[in-house]
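Each residue of the sequence shown is one higher than the one before, starting from 1078 at the first, in this note's numbering. Each residue gets a CB set at the ideal place from its N, CA and C atoms; glycine is no exception. Encoded as structure tokens, the structure appears first; notes follow it.
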Amino acid sequence: MNRTSDFRQKEVINISDGRRLGFVCDVEINLETGKLDAIVIPAEGRLFSFFGKDNYYVIPWSKIKKIGEDIILVEFDERDMRRDYRGSY
């Protein structure tokens, strides 16, 4: 994988519970180091979109366990990763 845009073509699965989380919509990059810090995935059931905010899972690089051809396996507690995100998507 050479580009961050390659992440958008991969489905993200949480190996903690086997759930399919969706596809990457954005990434967070540390501009000082040039390293990818996290991937961003829209949270399902966007209940707050009615009020003008969307919730997303922001998954740190340390929680990514495996990147395959078609999927990204992550391991995390979804309650700890859900938040409002206003990135450059």
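Between the CA atoms of residue j and residue i - distance to the nearest angstrom
i: lysine 1140; j: valine 1101; result: 14 Å
i: glutamate 1121; j: leucine 1098; result: 8 Å
i: glycine 1111; j: aspartate 1094; result: 31 Å
i: proline 1119; j: asparagine 1132; result: 6 Å
i: arginine 1096; j: tryptophan 1138; result: 19 Å
i: phenylalanine 1153; j: isoleucine 1144; result: 15 Å
i: glutamate 1155; j: glutamate 1109; result: 28 Å
i: asparagine 1107; j: serine 1082; result: 16 Å
i: valine 1117; j: arginine 1080; result: 15 Å
DSSP-derived helix/strand/coil call for residue i
i: arginine 1080; result: coil
i: lysine 1143; result: strand
i: glutamate 1155; result: helix
Other residues of its chain near residue i: CB distance less than 7 Å, five sequence neighbours each side excluded
i: aspartate 1147; result: Lys1087 and Glu1088
Integer-rounded CB distance, given that residue j should sit under 8 Å from residue i
i: asparagine 1091; j: valine 1151; result: 6 Å
Own chain partners of residue i with C-beta closer than 8 Å, once the 5 adjacent residues on each side are dropped
i: arginine 1085; result: Phe1100, Val1101 and Cys1102
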